[in-house]
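Novice: Following the numbering used here, the numbering of the sequence shown begins with 3 at its first residue and continues without gaps. Here a beta-carbon is modelled for each residue, glycine too, at the ideal position from N, C-alpha and C. Just so you know, these numbers come straight off a predicted model, no measurement behind them. Before we start, here is the structure in question, set down as structure tokens.
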Amino acid sequence: MNRTPTGLSRRNLLKLGAGGALATFLGACAGGAEAPGAKGKSGKLTVWAGFASKEAEDWYRANVLEAFNKKYPNVPADLVIKQFDTMAQQQQTALAAGAGPDIVGGSGPAALREYAAAGYLLPLDDYAKKLGWNDRVLGWAMKTGVVDGKLVALPTNYESMQIFYNPATLAKHGWTYPKNRAEFEAICREAKGKGIIPVSAGNADYKDSNEWHVSVFLNHIAGPDAVRQALKGEAKFSDPVFVDAIEQARGYFTQGWWGGAVDRYFTNTFPQQYQQVAKGEAVFNITGTWGLGEIGPFFGKEGGNDAEWAWGAIPSLRDGVPENIWELAVGGTRSINAKSANPDAAADFMDFHLQDPKLQGRALAEANFAPPPIAMSESDFPADLDERVSSLYAAFGDAAQVGYTTWTFFPPKTDTFIIEGWEKLITGKLTSQQYCQQIADTFGPELAAGVVPPLPE
């Protein structure tokens, strides 16, 4: 029986404002009576972690924590469970007070700039050279942890965007999977006319999911070349190519193609979205690779139906935009506190998560812990891993063109406006021109300040 991942999702992760290498928030602070930054070593790393289920926690304890402590007994890690909703704030407060965890978790490269500017993060270049990180971590992902020429973080996992759908729904209505804008819009138009939601979508559970859709629109309508030029300052986000793209996307929302209607977008939960696809009430669901561990329970015997799910690449949504674009994203980062009492042990903890590709394959198969951006071969994944999962990661690895997600390649203030301004756009409080102009106006000073994350070659 093929095994589909079960466990944590990106949206649970991002509620923390920080991410971890195995789809959980991890921070290690010096344990015992001695606080971080004190002289000497405390003798252990106390690891903060938040898990969405007891099963995920048990898997992590057995397969990661115990294995690490066996290999590094001199400064073992001790797991302390924290609440999702308060962990990130606890970390930020502690860092501001000159204390905090030895290992600092982050939600992505954009957030690193503020921590680095505040002096919270230890440069990792020497550890990278000593431990061979530059040879193991994929180059584009490694660059996302560089701030002002210094490596201050390791990426913990990588992500992209794709479409989930129910093949039976397409077959029932005589549709084939769309390859371009015309085919996609034809299905959406016909589905809406039949009372079917073209794309199940909503942000009731997680407001920041707005940027998942914006990332798709920017790359698949405006195109990744245009996005790259704007991120490098060679074009402006207020240029017509972006205004036209956002206007096209706004139309998808106002026509009720995303979520059924604008007002329903604000009330649709993630379980509802998957259920709608399983029941044939919606045609598509556009989400990230984290959805691989979420969608299964809504289909088949577990979902109380005979439906099957499948995935497909997001088609080009404008003539001239290439096919087979896969957005690049880093879902989390891990850094070392500049005031850590045990930086060497913290580096060993970070390094441990990069050492065994087969462990990462098992983590994906058994607990939906997204793999870190390291080189992995087909043999690293368990033979009984659901072929839909392995085929998606294989297609991602063979991408002909990469796109740029907002949470990885856009600076923090610009990313925040993209999320918040989107709701004003789709409710008519901003025009597409105004939305793009405000993105440009926010981005300009951040580009000048040098806080735009580095782009892959």
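So residue 1 packs on residue 328, CB below 8 Å; how close in whole Å?
Specialist: Residue 1 lies beyond the range of the chain shown here (3 to 459); nothing can be said about it.
Novice: Take the Cβ of residue 444 as the centre, count every other Cβ of all protein chains shown within 10 Å, and call the residue buried at 16 or more, exposed below.
Specialist: Flag for residue 444 reads buried.
Novice: Does the segment 293-306 come close enough to the segment 337-351 that 3 or more CB-CB pairs lie under 8 Å?
Specialist: No: fewer than three Cβ pairs fall under 8 Å.
Novice: DSSP beta-bridge partners for residue 364?
Specialist: In the DSSP output, where bridge partners are listed per residue, residue 364 has none listed.
Novice: What's the C-alpha gap between residue 450 and residue 413?
Specialist: Spanning the two alpha carbons is a distance of roughly 11 Å.
Novice: Please report how far the alpha carbon of residue 370 lies from the alpha carbon of residue 409, in whole angstroms.
Specialist: About 21 Å.
Novice: Per DSSP, residue 152 forms a beta bridge with which residues?
Specialist: Beta-bridge pairing links residue 152 to 149.
Novice: Under a three-way DSSP split, which group does residue 329 fall into?
Specialist: Here residue 329 sits in strand by DSSP.
Novice: Considering only residues of the same chain and omitting the five flanking positions on each side of residue 437, which have a CB-CB separation below 7 Å?
Specialist: Result list for residue 437: 248, 423, 427, in chain order.
Novice: Assess, as a yes-or-no matter, whether the segment 346-360 is touched by the segment 226-243 under the definition of 3 or more beta carbon pairs within less than 8 Å.
Specialist: No: fewer than three Cβ pairs fall under 8 Å.
Novice: Do residue 198 and residue 283 come within 9 Å of each other at the CB atom, strictly closer than that value?
Specialist: Yes.
Novice: I need the straight-line Cα distance from residue 440 to residue 420, nearest angstrom please.
Specialist: Distance between the alpha carbons of residue 440 and residue 420 is about 9 Å.
Novice: Please classify residue 442: does DSSP put it in a helix, a strand, or coil?
Specialist: Residue 442 falls in the helix class under three-state DSSP.
Novice: For the segment 128-191, list the alpha helix (DSSP H) runs that are entirely contained and at least 4 residues long, ordered along the chain.
Specialist: Complete alpha helix (DSSP H) runs here, min 4: 135-138, 141-145, 169-174.
Novice: Have a look at residue 456 and residue 347 and give me their C-alpha separation to the nearest angstrom.
Specialist: Approximately 28 Å, taken between the alpha carbons.
Novice: Keeping to the same chain, check which residues put their C-beta closer than 7 Å to that of residue 252; ignore five residues upstream and five downstream.
Specialist: Within the same chain, residue 252 has close Cβ partners 427, 428, 434.
Novice: Quick one: Cα of residue 448 to Cα of residue 173, how far?
Specialist: Roughly 48 Å separates the two Cα atoms.
Novice: Residue 183 and residue 319: beta carbons closer than 9 Å?
Specialist: Yes. Within cutoff.
Novice: Given residue 30, which residues of its chain have a CB within under 7 Å of its CB, disregarding the five upstream and five downstream residues?
Specialist: With a pLDDT of 42 at residue 30, under the threshold of 50, the modelled position of this residue cannot be trusted; read the value that follows with caution. Closer than 7 Å at the Cβ level, and outside the excluded window around residue 30, lie 47, 48, 49, 79, 103, 104, 105, 348, 351.
Novice: Distance cutoff 9 Å, beta carbons only. Does residue 143 sit that close to anything in chain B?
Specialist: Considering every chain present, this structure includes no chain B. It has just one protein chain.
Novice: So, at 6 Å on beta carbons, what are the nonlocal neighbours of residue 228 in its own chain, with the 5 sequence-adjacent residues on each side left out?
Specialist: Hits under 6 Å: 243.
Novice: Grouping DSSP H, G and I as helix and E and B as strand, with all else coil, what is residue 391?
Specialist: Correct three-state label for residue 391: helix.
Novice: With respect to the alpha helix (DSSP H) encompassing residue 381, which residues constitute its N-terminal and C-terminal limits?
Specialist: From DSSP, residue 381 is part of no alpha helix (DSSP H); its letter is neither H nor E.
Novice: In this structure, does DSSP put residue 297 in helix, strand or coil?
Specialist: In the structure shown, residue 297 sits in coil (DSSP, three-state: anything other than H, G, I, E or B).
Novice: Taking just the CA atoms, how far does residue 302 sit from residue 452?
Specialist: Straight-line Cα distance between these residues: approximately 49 Å.
Novice: Considering only the alpha carbon of each residue, which of 177, 458, 391 lies closest to residue 405?
Specialist: When only C-alpha atoms are compared, the closest one is 458.
Novice: Could you tell me if residue 454 is buried or exposed, where buried requires 16 or more neighbouring beta carbons within 10 angstroms of its beta carbon?
Specialist: Buried.
Novice: Within the same chain, show all residues whose beta-carbon is closer than 8 Å to that of residue 140, passing over the 5 residues directly before and after it, in chain order.
Specialist: Only 160, 375, 376, 377 meet the Cβ criterion.
Novice: Tell me whether the beta-carbon of residue 361 lies closer than 9 Å to the beta-carbon of residue 65.
Specialist: A contact, by the Cβ cut-off of 9 Å.
Novice: Does the Cβ of residue 83 have 16 or more other Cβ atoms within 10 Å, making it buried, or fewer, making it exposed?
Specialist: Classification for residue 83: exposed.
Novice: Would DSSP call residue 311 helix, strand or coil?
Specialist: Correct three-state label for residue 311: coil.
Novice: Have a look at 226, 220, 90 and flag the residue whose alpha-carbon is nearest the alpha-carbon of residue 402.
Specialist: Of the candidates 226, 220, 90, the one whose C-alpha sits nearest the C-alpha of residue 402 is 226.
Novice: Suppose the cutoff is 6 Å on Cβ atoms and the five residues either side in sequence are ignored; what does the same chain contact list for residue 190 look like?
Specialist: For residue 190, where only same-chain residues beyond five positions count, the Cβ hits under 6 Å are 200, 259.
Novice: Can you tell me whether residue 334 is helix, strand or coil according to DSSP?
Specialist: Residue 334: strand per DSSP, three-state reduction.
Novice: So what does DSSP say about residue 51, is it helix, strand or coil?
Specialist: Residue state, collapsed to three classes: strand.
Novice: For residue 99, which of helix, strand or coil comes out of DSSP?
Specialist: Residue state, collapsed to three classes: coil.
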